[in-house]
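> Have a look at this one.
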Amino acid sequence: MTGVPDERGRLRADLVIEYPFTRTTGPVVGAFMTGLRDGRIVGSRRTDGRVFVPAVEVDPETGDAITEIVEVGSTGVIETWTWVDPPRPGSPWEDPHGLALVRLDGADTPMLHGVLVESADDMATGMRVEAVWKAERVGHITDLKGFVPEGTGQAENSAEGTERAVDETDEAVRSIRTPIRLEYDFIPSAAAQEYLHAYADKRILGNRSPVDGAVFVPPRGVDPRHGVAATEMVELAHTGHVGNFCVTHLPIPGRDDLPTPYVSAWIHLDGADIGFLGLVAGCDLDDVRIGMRVRAVWKPDEDLGATAENVLYWEPTGDPDVPVDRAGNRAWRDSAPGEVVEDA
Amino acid sequence: MREVAVVSSAVHQVEALTFTTDVQLMVPLINQARDSVGLTQDDIGFTCSGSSDFLAGQGFSFVQTLDAVGAFPPIAESHVEMDGAFALYEAWVKLQIGEVDTALVYSYGKSSPGSRRDVLAVQLDPYAMAPLWPDAHSVAALQARRLLESGGVTLGQLAEIAVRSQRNAVGNPNALRASADVTVDDVMADAVVADPLRAADLAAEADGGCAVVLAAGHRARELCDRPAWIRGIDHRVDAHGLGVRDLTRSPSAALAAARAADRAGFEADAVDVAELHASSTAQVHLLTGELSLGDDVRIDPSGGSLAGDTLMAAGLVRIAEAARQVASGDADRALAHASSGPCLQQNLVCLLEGE
Numbered sequence: 042m043t044g045v046p047d048e049r050g051r052l053r054a055d056l057v058i059e060y061p062f063t064r065t066t067g068p069v070v071g072a073f074m075t076g077l078r079d080g081r082i083v084g085s086r087r088t089d090g091r092v093f094v095p096a097v098e099v100d101p102e103t104g105d106a107i108t109e110i111v112e113v114g115s116t117g118v119i120e121t122w123t124w125v126d127p128p129r130p131g132s133p134w135e136d137p138h139g140l141a142l143v144r145l146d147g148a149d150t151p152m153l154h155g156v157l158v159e160s161a162d163d164m165a166t167g168m169r170v171e172a173v174w175k176a177e178r179v180g181h182i183t184d185l186k187g188f189v190p191e192g193t194g195q196a197e198n199s200a201e202g203t204e205r206a207v208d209e210t211d212e213a214v215r216s217i218r219t220p221i222r223l224e225y226d227f228i229p230s231a232a233a234q235e236y237l238h239a240y241a242d243k244r245i246l247g248n249r250s251p252v253d254g255a256v257f258v259p260p261r262g263v264d265p266r267h268g269v270a271a272t273e274m275v276e277l278a279h280t281g282h283v284g285n286f287c288v289t290h291l292p293i294p295g296r297d298d299l300p301t302p303y304v305s306a307w308i309h310l311d312g313a314d315i316g317f318l319g320l321v322a323g324c325d326l327d328d329v330r331i332g333m334r335v336r337a338v339w340k341p342d343e344d345l346g347a348t349a350e351n352v353l354y355w356e357p358t359g360d361p362d363v364p365v366d367r368a369g370n371r372a373w374r375d376s377a378p379g380e381v382v383e384d385a
Numbered sequence: 012m013r014e015v016a017v018v019s020s021a022v023h024q025v026e027a028l029t030f031t032t033d034v035q036l037m038v039p040l041i042n043q044a045r046d047s048v049g050l051t052q053d054d055i056g057f058t059c060s061g062s063s064d065f066l067a068g069q070g071f072s073f074v075q076t077l078d079a080v081g082a083f084p085p086i087a088e089s090h091v092e093m094d095g096a097f098a099l100y101e102a103w104v105k106l107q108i109g110e111v112d113t114a115l116v117y118s119y120g121k122s123s124p125g126s127r128r129d130v131l132a133v134q135l136d137p138y139a140m141a142p143l144w145p146d147a148h149s150v151a152a153l154q155a156r157r158l159l160e161s162g163g164v165t166l167g168q169l170a171e172i173a174v175r176s177q178r179n180a181v182g183n184p185n186a187l188r189a190s191a192d193v194t195v196d197d198v199m200a201d202a203v204v205a206d207p208l209r210a211a212d213l214a215a216e217a218d219g220g221c222a223v224v225l226a227a228g229h230r231a232r233e234l235c236d237r238p239a240w241i242r243g244i245d246h247r248v249d250a251h252g253l254g255v256r257d258l259t260r261s262p263s264a265a266l267a268a269a270r271a272a273d274r275a276g277f278e279a280d281a282v283d284v285a286e287l288h289a290s291s292t293a294q295v296h297l298l299t300g301e302l303s304l305g306d307d308v309r310i311d312p313s314g315g316s317l318a319g320d321t322l323m324a325a326g327l328v329r330i331a332e333a334a335r336q337v338a339s340g341d342a343d344r345a346l347a348h349a350s351s352g353p354c355l356q357q358n359l360v361c362l363l364e365g366e
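Protein sequences, first through last, are from chains U and R. Each residue of the first sequence is one higher than the last, beginning at 42 in the numbering used here. Each residue of the second sequence is one higher than the last, beginning at 12 in the numbering used here.
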């Protein structure tokens, strides 16, 4: 969240979820991947002779293990297809392409892959195709570039490098990398938008519960205890106390300004009934304690944006502590909601 | 078997819930479903929800959504990373055990912040399929072409299914695609999105949610005038790989219907209405055959999932819509179908009846 609204005044952020999965293959899927690296396609043969391609380690009908590996042809026939235009993000193809279930010669089940032709007009069920390989192969489904119409010469010699790969190593592929990347356009809720915009004016907002007046910060538009909408906004003090804390010795990525170890704490603002997360600084680590009174330290005015990052950290006020037995969440206790905890 | 009924429901579907969180979406729906039968969360014996972290882009996102229930003091609760129809099945089992007399089921999906057709690629085999990022429309198209070329259906018949959905959806506030005067020619003139499927062949993507209250025995009769009794419910699954299945069939849908019928004491084709959870017109055609739905069955009176398809909720919405048909007296018997996974891999059939 940059804290800079878009042309419609909305705060939004690119949210990217990425997982660099490394998956172990086991011997059967590993044989399929090893085959791809070596420019061959293999399947697994069930006792009744039926050959599954790609190789499967478990019979999808009976659940029995299938261990016999057999090589099938690199030519086959299209069983069904569609046309992908534009190509999908993350896919190995940069141009519009066919996508088909192709049953290879010697296989009883079809496999999914791309078909590299000019247009949908060049696609047809029943069309014979042959595999086209990448020159550099690592043991991955994308070692196969895709399929092209058989006999056009496009696939010729593309499996070259096979012998070399086999010569250099006869080790089987044991794992593959399959990174997953998903992109989202994250737009905070109306309550969160108001909360973040208020930060630009050095104001901290909470929601007041319509049930009993308890105040929640950050405001989420609901009282989570009762499952009812909470739309009333209240402005909160810039002072509070530490309800709980933790000393961390690992750096936060992207926060080079923050020396380790640092203290993250549950800050209970005066007037709020639950705490929210903040950093505590401006004192010795050993001095941080439950009940310690703190106040917000803001960024310089010229650096303020619509972001909670405006509060750099919370520093001790020097006032007497809130007694430990009164520190922390009050919305979940019997004490009067919204009450400001008086200094001891 | 214990008598269990749908006694109330609430649905909301729109194109995009831009400024609304999952919690803010569900607060009014859950309250509406509970309030309409005079229940508070204290009266609910078990709560079960369905959603997907991949839509929220956030791990354990369903835990936050519990804020919408009012889960304090602590409640008996469970969650499935599946369509809410499967959460309803879990709640039904809980009610069968006899521990509780009431249950709240809800599910929701806000897919608009991401590219839903691409997000769905990650449900495929991670070794040989997902790295090719086959999007959901392409996968639906592979199945549709198999159906068309096997001679089971024509493009014109698929267009008729699209027209039926859009016409039925008129008057449904939760339908995104509705038209009283759309024609087969209009649909056939649409641009091809994923050859051979046109825009009208693909379910209209929605953000939304659904809440349903279940009650057992006399409790259900106390709570509403005409409970929609769940006479039979079952779910079955086919193999995951697209290549190892006959994409023109859905044996799991047929088996789930047969098992549900065994319990119900009437066959799936003996219903007045059927609400189907399909991502394409081709899947509606396929399901109509697997469930043996005859010409006298009104299919998708709400427009079905073709008219508004909220990922993770569309199946539960089908149950809610079928139950409404029974509660209103428009139907005596209704079938609701829900599916999960690529190309109708997993199917749930719920047979409802009024009394």
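Just so it is clear, CB atoms sit at the ideal spot from N, CA and C, and this is done for glycine as well.
Does any residue of chain R have a CB that is nearer than 7 Å to the CB of S230 (chain U)?
S230 (chain U) counts as touching chain R.
> Provide the residue span of the alpha helix (DSSP H) that contains S316 (chain R), from first to last.
First-last of the alpha helix (DSSP H) with S316 (chain R): G315 to A318.
> For F188 (chain U), does the count of other Cβ atoms within 10 angstroms reach 16, so buried, or fall short, so exposed?
Buried is the call here.
> Would you call the CB atoms of T116 (chain U) and L140 (chain U) closer than 7 Å?
Cβ atoms of T116 (chain U) and L140 (chain U): not closer than 7 Å.
> Can you tell me where the beta strand (DSSP E) holding V321 (chain U) begins and where it ends?
Taken as a continuous stretch (DSSP letters only), the beta strand (DSSP E) holding V321 (chain U) covers F317 to V321.
> With 7 Å set as the bound, which would you pick, yes or no: does the beta-carbon of E160 (chain R) sit closer than that to a beta-carbon of chain U?
Yes, contact with chain U.
> Apart from the five residues on each side of it in sequence, which residues of its chain come closer than 7 Å, Cβ to Cβ, to R247 (chain R)?
The residues are S263, L266, A267 and N358.
> Mind listing the chain R neighbours of H154 (chain U)? Cutoff is C-beta to C-beta under 8 Å, in chain order.
By Cβ distance, chain R contributes L143.
> Would the region 65-79 of chain R count as touching the region 17-34 of chain R if we require 3 or more Cβ pairs under 8 Å?
Touching, yes, given that three or more Cβ pairs across the two stretches are closer than 8 Å.
> Just to make sure I have the definition right: I need the residues of chain U whose C-beta is within less than 9 Å of the C-beta of S149 (chain R). Which are they?
Neighbours of S149 (chain R) on chain U, chain order: T123, W124, V125, R129 and L140.
> Could you check whether A313 (chain U) and V258 (chain U) sit closer than 7 Å to each other, using their CB atoms as the reference points?
For V258 (chain U) and A313 (chain U), yes; Cβs fall inside 7 Å.
> How is Y303 (chain U) classed by DSSP in three states: helix, strand or coil?
If DSSP states are grouped into helix, strand and coil, Y303 (chain U) belongs with the strands.
> Say whether the region 17-28 of chain R touches the region 37-45 of chain R, bearing in mind that this needs 3 or more beta-carbon pairs closer than 8 Å, one atom from each stretch.
Contact between the region 17-28 of chain R and the region 37-45 of chain R is present, because at least three Cβ pairs lie under 8 Å.
> How is W144 (chain R) classed by DSSP in three states: helix, strand or coil?
If DSSP states are grouped into helix, strand and coil, W144 (chain R) belongs with coil.
> Would you mind reading off the limits of the alpha helix (DSSP H) that contains R335 (chain R)?
That run of the alpha helix (DSSP H) goes A325 to A338.
> Considering only DSSP beta bridges, list what N358 (chain R) is partnered with.
N358 (chain R) is bridged to R:R247 and R:S350.
> From what residue to what residue does the beta strand (DSSP E) around L169 (chain R) run?
No beta strand (DSSP E) holds L169 (chain R); the alpha helix (DSSP H) holding it covers L166 to N179.
> Quick test of the definition: if touching needs 3 or more C-beta pairs under 8 Å, does the region 202-209 of chain R touch the region 337-355 of chain R?
The region 202-209 of chain R is not in contact with the region 337-355 of chain R.
> Just the Cα atoms here: how many angstroms apart are G262 (chain U) and Q69 (chain R)?
In a straight line, the C-alpha of G262 (chain U) is about 19 Å away from that of Q69 (chain R).
> Thinking just about the alpha-carbon of each residue, which of R:S316, R:G300 and R:R270 is nearest to the one in V290 (chain R)?
The residue you asked about is not Val; residue 290 (chain R) is Ser in the sequence shown. Of the candidates R:S316, R:G300 and R:R270, the one whose C-alpha sits nearest the C-alpha of S290 (chain R) is R:S316.
> Quick one: is F83 (chain R) near chain U, going by C-beta distance under 7 Å?
Closer than 7 Å to some Cβ of chain U, the Cβ of F83 (chain R) qualifies, so yes.
> In the DSSP assignment, what residue or residues form a beta bridge with L310 (chain U)?
U:G281, per the DSSP bridge assignment.
> Note down the Cα distance separating V45 (chain U) from A275 (chain R), rounded to an integer number of angstroms.
Computed Cα separation, rounded: 58 Å.
> In the DSSP assignment, what residue or residues form a beta bridge with V363 (chain U)?
V363 (chain U) pairs with nothing; no bridge assigned.
> Going by DSSP in three states, S149 (chain R) sits in which element: helix, strand or coil?
Helix at S149 (chain R).
> If we require 4 or more residues per run, which alpha helix (DSSP H) segments fall completely within the region 53-114 of chain U?
Fully enclosed alpha helix (DSSP H) runs of 4 or longer: 67-78.
> Any beta carbon from chain R within less than 7 Å of V214 (chain U)'s own beta carbon?
No - not a single Cβ of chain R is within 7 Å of the one on V214 (chain U).
> Is there a Cβ from chain U that is less than 7 Å from the Cβ of Y138 (chain R)?
Chain U, which has a Cβ nearer than 7 Å to the Cβ of Y138 (chain R), makes this yes.
> Three-state secondary structure (DSSP) at H181 (chain U)?
DSSP places H181 (chain U) in coil when its eight states are reduced to three.
> Could you tell me the alpha carbon to alpha carbon distance between V179 (chain U) and V214 (chain U), rounded to whole angstroms?
Roughly 8 Å separates the two Cα atoms.
> Looking only at DSSP bridge pairs, what is Y225 (chain U) linked to?
Paired residues: U:L56.
> Under the DSSP definition of a beta bridge, which residues are partnered with G5 (chain U)?
Residue numbering for chain U in the displayed model covers 42 to 385; residue 5 (chain U) lies beyond these limits and cannot be assessed.
> Should Q336 (chain R) be flagged as near chain U, meaning a C-beta pair shorter than 7 Å?
Chain U contact via Cβ: absent.
> Does the distance from the C-beta atom of L304 (chain R) to that of D280 (chain R) stay below 7 Å?
In contact: L304 (chain R) and D280 (chain R) (Cβ atoms closer than 7 Å).
> Between R:A186, R:C354 and R:A98, which lies nearest to C361 (chain R) when the distance is taken from Cα to Cα?
Comparing Cα-Cα distances from C361 (chain R) to each of R:A186, R:C354 and R:A98, the minimum goes to R:A98.
> Please state the DSSP three-state secondary structure of D218 (chain R).
Reduced to three states, the DSSP call for D218 (chain R) is strand.
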